[in-house]
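This report concerns only the one structure given below.
Protein chains: 2
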Amino acid sequence: MGRPRTPLLDRERITTTALQLVDEQGDFSVPQIAKRLGAQTGSVYHHVDGRDGIVELLRERVASAIDPKTLDETPWDRALEAWARSYRAAFAAHPKAIPLLMTSPVRAPRVLEQYERAVTLLLDADFAPSDVMPLIIALENLVLGSALDLSAPETMWVLTESTPTPKLAKALEAVGEGRADRSFNLGLAALLNHARTLRTAEA
Amino acid sequence: MGRPRTPLLDRERITTTALQLVDEQGDFSVPQIAKRLGAQTGSVYHHVDGRDGIVELLRERVASAIDPKTLDETPWDRALEAWARSYRAAFAAHPKAIPLLMTSPVRAPRVLEQYERAVTLLLDADFAPSDVMPLIIALENLVLGSALDLSAPETMWVLTESTPTPKLAKALEAVGEGRADRSFNLGLAALLNHARTLRTAEA
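What follows is the structure in structure tokens.
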């Protein structure tokens, strides 16, 4: 068929281009990807399982930055904490991808495998099966909310004399720099402590 | 100047149009607003304090759905819980606005006043000033992550035989329907319990 030796299109390049578009504008279209790669839209579809397939390639690419060894740590709460920190860092690198990935069903095999490992960690630690997904999802909501917060400006509250907010000013001064990390640490400690009490109550 | 009696442009209409655009595409531009309102881009700028001003009008509009009476409830933990629930509902109605609003500095007077009230609630409940913003921000990260999760499909994990995930299947079956609400309730309980221990430690 006269194909070039270095193919213009492959799944890796399609994923990289889709992620560039999402980083810029929070979304992508298949024609946009085709245009950037100098290809026809139909040719892009030839390599992937539709637009949804590209979303799953994006999910695998972003999630590949989560250190998989975290889930092997012991005990379970140390593993969960390390996973949450690595998860936050991976998504903080692509904040505009968060809404897209949070609202599309998870089909990516490697990401499903990561959920399987996290679930196994908690079941092996004797959590009630009905508590496992609520705990993981609450952790993810905190992690992804915090990953978005990491891309916020350091000065998030702009106080002016026309709107007197003396208590807010006092609280902001007391927290100083690094409010995003301090807030994440507080939320993570809260979830881990709560998980410990759930596990004790069930044991 | 021959102005029509019903002005084509006012801040309310600009805000409504910007919110429509954000609900559709997660962002807006001033020329897009002008086009939808049949006006010149320069005329839009005549009514608002630049693009940032429109973001703050959006913030006030979305946050106006948060019930302000929640922060008057007693004791403080009941107020914080009611505020968090109302906050989540307000932002779940506009999930695509969440990244935009989370990553732009807060200048809107009515929203700053709401932070002032939340901070005052916690200072009056004897929290250490340095704990107040981390607690509020951790709560917001959970609330906004969960608001995004509410707009996710009910079947968020699509399991297939080609990727065996028996533990994930078991955990999903155990949680049943309403996983988003159950996860939010778990996270909220965790944060409130943790806040109670912080307060006791400081008292």
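Same order as they appear, the protein sequences are chains Z and C. For what it's worth, our numbering labels the leading residue of the first sequence as 1, then goes sequentially. For what it's worth, our numbering labels the leading residue of the second sequence as 1001, then goes sequentially. Cβ coordinates follow ideal geometry from the N, Cα and C atoms, glycine included. Here the structure is a predicted model, which is why all the values come from computation and not from measurement.
Take the alpha-carbon of residue 1046 of chain C and the one of residue 1040 of chain C: they are about 10 Å apart. Fewer than three Cβ pairs drawn from the region 127 to 138 of chain Z and the region 1069 to 1084 of chain C lie within less than 8 Å of each other, which leaves the two stretches out of contact. Within its own chain, the residues whose Cβ lies closer than 6 Å to the Cβ of residue 1195 of chain C, once the five positions on either side in sequence are excluded, are 1135, listed in chain order. Secondary structure note for residue 14 of chain Z: its alpha helix (DSSP H) is the uninterrupted segment 11 to 25. The alpha helix (DSSP H) runs of length 4 or more contained entirely in the region 14 to 99 of chain Z are, from start to end of the chain, 30 to 36, 41 to 47, 50 to 63 and 76 to 92. Cα atoms of residue 1124 of chain C and residue 167 of chain Z: separation of roughly 10 Å, rounded to the nearest angstrom. At least one CB atom of chain Z sits nearer than 7 Å to the CB of residue 1146 of chain C. Counting along the chain, the unbroken alpha helix (DSSP H) around residue 131 of chain Z starts and ends at 129 to 150.
Per DSSP, residue 1106 of chain C lies in no alpha helix (DSSP H) and is assigned neither H nor E.
Here residue 200 of chain Z carries a helix assignment [DSSP, helix/strand/coil].
Straight through space, the alpha carbons of residue 150 of chain Z and residue 86 of chain Z are spaced by roughly 14 Å. Pairing residue 126 of chain Z with residue 68 of chain Z, the inter-Cα distance amounts to about 22 Å. A straight-line Cα-Cα distance of about 22 Å links residue 36 of chain Z and residue 95 of chain Z. Beta-bridge pairing by DSSP links residue 163 of chain Z to Z:160. With its beta carbon at least 7 Å from every one in chain Z, residue 1087 of chain C lies outside the interface.
For residue 1116 of chain C, at least one C-beta of chain Z is nearer than 7 Å to its own C-beta. Close CB contacts of residue 1031 of chain C within its chain, under the 6 Å cut and outside five residues either way in sequence, are with 1041 (chain order). Annotated three-state conformation of residue 154 of chain Z is coil, per DSSP. Of the residues assessed, residue 1183 of chain C falls on the buried side of the cut-off, its CB having 16 or more other CB atoms within 10 angstroms. At a beta-carbon threshold of 9 Å, the residues of chain Z lying near residue 1130 of chain C are 171, 174, 175, 176 and 182, ordered along the chain. Ranked by how close their Cα comes to the Cα of residue 153 of chain Z, the residues C:1065, C:1091 and C:1100 have C:1100 in first place. Distance from residue 102 of chain Z to residue 58 of chain Z at the Cβ level is roughly 12 Å; contact not present, criterion being Cβ atoms closer than 8 Å. Assignment of residue 125 of chain Z by DSSP, reduced to helix, strand and coil, places it in the coil class. Contact between the region 161 to 177 of chain Z and the region 102 to 121 of chain Z is absent: fewer than three C-beta pairs spanning the two stretches fall below 8 Å.
Within the same chain, 79, 83, 117, 118 and 121 come within 7 Å of residue 71 of chain Z by CB-CB distance, once the 5 residues on both sides are set aside.
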